[in-house]
Every structure is written in structure tokens, then in C-alpha cells.
Amino acid sequence: YRYFCGDDDVMLENILKNINKFIESVPYGEKWLDSVVSQLKDSSFTQNIKKNFFEKLSGQFYNAAEKCRQALEIAESEGNMSDKNCIKAVSTLENEYQYLSETADIFKNQPYLISERTGFSFVTLRVKNCFPQSAELKIKALRDEYKKIFQSCISEEYSIFMNADRDINAHIEILEIISELIKILNHKIDEVKISKNGLSFSDAERIALELLSETDENGMIVKSELARELSDYYKVIMIDEFQDSNNKQNLIFRLLSHNGNAYENGDNMFLVGDVKQAIYGFRLSDSGIFTEVMENSAEYTENCSENAYIKLNMNFRSSEEVINFVNFIFTRIMSEDIGGVNYEDEKLIMGASFADTDKVTEIALIEDNGDYENASAVWTAAKIAEMLENKAPVCCKDGVSSRPCENRDFCILLRNNDSASAYADELRKLGIPAYLEETSGYIQSREISLMINLLKTVDNPLRDTSLVSVMLSPMFSMTPDEVMEIRLLDRKASMYSALCMAVGEKFSADEEKSEPLVKGICLEKALNIYSIINELRMYSASDTLEQLIRRIYEKTDFLSVMQIYSDSEKKKANLRILIEYAKSYEKSSCGGLSGFLRFVEKSSSLGNDGFRNGSTSSSSENVVSIKTMHKSKGLEFPFVFAGNLEKKFNTKDITNNVIIDYRYGIGFILRNPELLTLYSTVIHRYIGGIKKSKLLSEELRLLYVALTRAKDKLFIPG
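Numbering (this note's numbering), first residue to last: 20 to 737.
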């Protein structure tokens, strides 16, 4: 508890959520947690972690010395050795190189003596006018680098190394407690699920696994009687997109396979996949499963009786120019270490024929003037406008003829949606319609915000803010002056009371009807609002949420009202999906309208409302598509613009307070109770290094997916 809680237990709560989410993808998740603790108690495992950290730290010491040697070499070769300041600078660099080299050697051979070498300080190095400007800049840059590396190594990194055993013991202590907390948490969650007669998708996987497996007297996982029966029943088990499966799913497949077991695939499993397109690690898929299968298989031959694979690297989508560009890039950057495959063995081969048009990949170098994202969007929109105006040819399916391009032939692919609206805005400025699939801000969207306010008014008409919002909306079209006229009938009363006075209706049972206090159009609108609200209030007592929302759409003709907006299809899709959210809520809760409104309000207050926007297909509309790279998988477009490639990777997963890996366990950032500071541990660094490699691999594969969406031509602004 002391490691994760300061003023509150939010950090502990988040850690429990993260670990619990991860073990949903793991076979026997709670047992896996216990195995993580056992692994940390295994001296061979922890010695390997410490050895790995030691070798990396030793390498960093030598790296600092090497950069100092490079700076010294430049100083000696390009300096004016008749200048006393130059001689002094070279002497300083010589002293620093000697010190850094000695320190690196001492750490490698007697690491515990490093604490005696912490008193060294880097003196001011005066190189101005001693060397040519280019040499001066190189020396300064190299010196800044090796000083930073050395200072980090001698203090923070060395401290982590020296406290490795203490921190490993702390991990064991923490994980034993967390394991028990997770078990208690899941027991409580299961009780709630049972009371509501509900299951999650991961529950279905877990139950399937429990039905298909048993544990023998040696603690090994074996097939249950049901699994043996089913494995004889299925002739072939075909699994598509196998690179996106997780460890729990893989175990289920093996237990269902003929002659398979928990540790090996059976002889009737037919797997289809492409490790180069494994891009769902954030959903806890594990591409390493497919890689392992490939490593344990041989290339298919007619006489092959063992597990075998067939390479399907013929590409029937893209032009020769696109394929050549993709092959040129990925033979240089994708490897077994980063990417998961040796691309040289996986190169694409052209399988389609294309009409003779300009298809050479276009790379645009855009000047970074402080607003690069917008500049990239401006260039992209202008290029699309130019191609539309010039009727750039698109190759037809016959591979011989061509046709003029249309809006729908263009797709802009981005790493995420952060800058998508900038691209859409620039296109619209040029009169080019664009389709942008938004995944957040559902509750805040104009149409849903209005519906929520109307539901709040139906639930309780004394909510003035909600009622006024509804009155001023396109649903009822009152003007601000008309609302003010009603408001002034009684400033101290609620807005609903003033509305009752306006139409001459009773606000409470002990009042009597009176003459309306407003006239003309204002009275007509007020009567319409009053009658609809009260009719809906009456029906809300018996209607389901779904029925009530449908009734609102019918009474107010709200879906038709959305036609006044340029993005009417998106707004109508959002309104339709609200019905689905209401149905889903009622299946899992009995809170009624009031409960649903509380649920929406709580979800919205968390910052990420958890509601996805309604989807409208862009395939049937003649618009430019703007998509995330993840969303583009499986799609194809004649012209693809790969934007935002200059953005830094999101390293949150490798810098979190807790990082998790199926094979290597769990690493924590801990709190120093004396110094009240957070610090990384040797285990956190070790798993972080593994996760970083996986992150880079996934980002590389995501780039591969994006570039291979293009049929005719690729554009890369950068």
C-alpha cells in the first residue's frame, strides 16, 4: 500500500484495473499472477535480469567514453594547435576520455567500486574561435551527449543496479498482495454479474477454457473429456488473422485441435495470417504466437507430413511503383528484431496489371514553420484539389483502361485522429467533401446533448438549464426573445412554472387554469413544447428507454430536423445509436430513465465518455476518406496520403507505473518513502526494454499496413 498511495488510492486502483484487464487475455489469469511471483523467486530468472541490466549499463559507460573519443579526435584533427586555448581544450577532452574509459573498465570488472568515482566534475570547455564552426558544433553536441549519459549512469542507473535485490524483494511482496486483491476484486465482480445474469466476452473465453481443460497429477494442462470429443468432431479448424490472437484464444484452439495438446498445435489447424500486419497489441494480441508457429514449421512440399506453411506474398492490389517503394523501405528497416520478420524473405511480388499512368510515389518536403500539422494538411488538400481538377487517371479493374479520379478515390491515413479535423477543414475550404470518423465527443455532440437535455426535462421539468436548451433548439425553434418573454412572467419561479403560466395551464394540483399570458407565434410554440413534454412524461412511466426515445423522434420529427446540417448523416447515425445505448443499458440495469441519465453524466465526467459515435459509411458517398491507419486495414484506395509520419511514438505503455508482459511478468515504478520520489526498478527497466522493442515493431507494422493500402499511387508529406 505504501508504494502506491499518497493522498488517495487512485494509483492503486488504476494498477489493479490494468493488471486485471491484462489477465483477461491470459489463460488462467489468476494462476498466471501466482507464476509471476514464483518466477521472481527463481534466482536464475532474477540473475538474468540483473545481468541484462549490468551489460546495458556497462555499454552506456563505454558509449559515453566513445563519444568523448570522437570529440577528442575532431579537436585534434581540426584544431589550431598553436593556440593555447585550443591546446587547453584538447587537454580537457583527453582528461575526460581517460576518466570515462577508466570508469567504464572499473564498472565492467568491479562495479561496486564505482561509488568512489562520483566526485568528478566536468569543467567549462572553451572552444569558441579555437576550431572551425562545424567542428565546434560537433564537439559541443558530442560533449553534451556523453556528459548526459555519464551523469545518468553514475547516479540514477547505478543506484537502480545496486538496489536490484531490494527492489526484486519489494516486487515479490507487492505482487503477493496484489494477487490476493485481484482475486477478491474478481470474486466481487462475479457476484455482480451473477446477480444481473450477465457475462463479458472474456468470461465466455474463460468458461470455454475451463470446459476444455483439466490439470493432471503433475500440474500439466491436459484435454478434458469434452475437448477430446470435440477434437475428433472437427475436420478442420480454420483461423483467419491468426497474428491478432492472444494466448488464451491460442490455448482454446490447441485444445480443440485433433492430436493437439495445450503445448502443441494439432494436425487439423489451418492458420491464415501475416505477422507484418499484426497491429493490435493494444488489444493484447500477441504476434509472437504466430512467429513461434512459423519457426516450428517447414515450407510446404507435396510430401510434407509435419506442420507446414505456404507464403502468399503475391500482391493483387497495388501498382508496381507502390510495391517497389514498399519493398525498398521495408527491406531496410524491418527485421526479426524490429518488426518480427525478415522482410527480405517476405517481399511483395506484383500480381495485378495496371494501366500506364503516373504512379511514382511522391514525397513532399514541407517546411516546418512552427505549424507543421496545418502545413501538411494544406499541402495535402491542395494536391487532392489539383488532381481532381486535372482529372488524374485511375486504373480500372481490367488493368488496361483508366477513368478520371473522383473524391472517393482519395484517402488520408493518420496515426490517430488528433489532427484529422485540420485535414477535413482544409479540404472543405477548397469545396471538397470529406468523411471523418470521430470516435470521441459523442455526449458533447450537438444532437446528443440536446436529446440528453430533453430526457432530463422529461425526467424532471424543473431543471431550468435543460428546459431552456430544449426550447431554443431546432426541435422547437423558440427565439431568445420568446424565451425571455416567458421567463419574465415570473423571475422567481422555475422556467417550467413560467411555461405553464404562458399557456394557461396548472403548475400544481391546487392551482386553477387561467388565460394564456403570451400570444401569437410565441403561444403556439409554448403550447407545442408544453404538450409534448407532458405527453412524454406520461409515457415515461410505462415506456422502456428505447420506446421513449423512439417516441421522441416520432413526436418531434427530430431525425428530419437534422437535415438542416451539412453533416446530417453523421448526426442521424448518432441519434440512431442512442437507441442501442439505451437498450444496452436496460439489459444490464434497472435504473430507468433517471438511472440512465446518471450513468451518462458519470461517464461524461470521466473525460472519456465511453460512447462511440454512430458510423456512416463513406464507401457509398463521393467523399475523401480520412481514417486512422488502424481503421484502414483491409481497405484499398487508388490514392493514399500517409500523413503525420513525423510524430513521435506514444511511449505511455513503457513508462507507466506498471508495465506487463506475458513472458516476463510485471514491473513497477516504486516510491522512495524517505525521499518521497518515484524511481524505476531493474525489473521495470528490463520489461520496459522488451516492451519498447514490441512498440517499435508494432509501429513499423502499422506503417506497412498504411503504405500497402494504395492501389495506384502513394503520397508522403514530410
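Just so you know, even glycine gets a beta-carbon here, dropped at the ideal spot from N, CA and C.
Cut-off 8 angstroms between Cβ atoms - residues of its own chain near residue i, not counting five sequence neighbours on either side
i, result
"residue 523", "532, 533, 534, 535, 536"
"residue 49", "42, 198, 201, 202, 205"
"residue 270", "46, 228, 232, 240, 281"
"residue 422", "412, 413, 415"
Local conformation of residue i per DSSP, three classes
i, result
"residue 380", "coil"
"residue 479", "coil"
"residue 519", "helix"
"residue 507", "coil"
"residue 686", "strand"
"residue 563", "coil"
"residue 623", "helix"
"residue 576", "coil"
"residue 265", "coil"
"residue 712", "helix"
"residue 448", "helix"
"residue 667", "coil"
"residue 729", "strand"
"residue 499", "helix"
"residue 53", "helix"
"residue 672", "helix"
"residue 779", "With the chain covering 20 to 737 only, the question about residue 779 has no answer from this structure."
"residue 724", "helix"
"residue 645", "strand"
"residue 700", "coil"
"residue 468", "helix"
"residue 462", "coil"
"residue 48", "helix"
"residue 488", "helix"
"residue 357", "coil"
"residue 734", "strand"
Beta-carbon proximity list for residue i, same chain, < 6 angstroms, skipping 5 on both sides
i, result
"residue 562", "none"
"residue 722", "none"
"residue 20", "Residue confidence is low: residue 20 scores 46 on pLDDT, short of 50, so the model does not pin down where it sits. No coordinate-derived value is stated."
"residue 371", "335"
"residue 265", "44, 303, 304, 305"
"residue 162", "90"
Top-ranked residue by Cα proximity to residue i, from the options
i, options, result
"residue 466", "104, 92, 583, 213", "583"
"residue 164", "83, 439, 214, 698", "83"
"residue 126", "229, 176, 452", "176"
"residue 206", "39, 607, 133, 595", "39"
"residue 667", "718, 697, 222", "718"
"residue 364", "353, 370, 374, 372", "353"
"residue 711", "132, 144, 358", "358"
"residue 44", "587, 222, 417, 598", "222"
"residue 510", "490, 700, 483, 670", "483"
"residue 18", "662, 640, 243", "Since the first residue shown for the chain is 20 and the last is 737, residue 18 is missing from the structure and cannot be characterised."
"residue 247", "344, 230, 260", "230"
"residue 736", "684, 512, 665, 277", "665"
"residue 211", "607, 244, 299", "607"
"residue 183", "68, 249, 284", "68"
"residue 178", "102, 653, 72, 32", "72"
"residue 609", "26, 216, 733", "216"
"residue 180", "728, 716, 700", "700"
Run of the alpha helix (DSSP H) containing residue i, from where it starts to where it stops
i, result
"residue 555", "539 to 559"
"residue 87", "62 to 97"
"residue 602", "587 to 607"
Neighbourhood of residue i by C-beta, 7 angstroms cutoff - its chain only, sequence neighbours within 5 removed
i, result
"residue 328", "313, 316, 318, 319"
"residue 262", "292, 293, 294, 296, 297, 306, 309"
"residue 411", "424"
"residue 379", "340"
"residue 272", "256, 258, 288"
"residue 545", "505, 518, 521, 522, 537"
"residue 56", "191, 194, 195, 198"
"residue 598", "565, 568, 569"
"residue 619", "462, 471"
"residue 132", "125"
Extent of the continuous beta strand (DSSP E) to which residue i belongs
i, result
"residue 4", "Limits of the chain in this structure are 20 at one end and 737 at the other, which puts residue 4 out of reach."
> Curious, which full-length alpha helix (DSSP H) runs of at least 4 residues does the stretch 114 to 187 contain?
Replying inline: Correct list: 152 to 171, 177 to 181.
>> So within the stretch 276 to 340, which uninterrupted beta strand (DSSP E) runs reach at least 3 residues, ignoring any that extend past its ends?
In response: Entirely contained in the stretch 276 to 340, the beta strand (DSSP E) runs reaching 3 residues are, in chain order, 288 to 290.
>> Restricting to runs no shorter than 4 residues, where is the alpha helix (DSSP H) found entirely within the stretch 361 to 435?
In response: Runs found: 391 to 408.
> Can you give, in chain order, each stretch of the beta strand (DSSP E) that sits fully within the stretch 203 to 265 and has at least 3 residues?
Replying inline: If we require 3 residues or more, the beta strand (DSSP E) runs fully inside the stretch 203 to 265 come out as 232 to 234, 240 to 242, 256 to 258.
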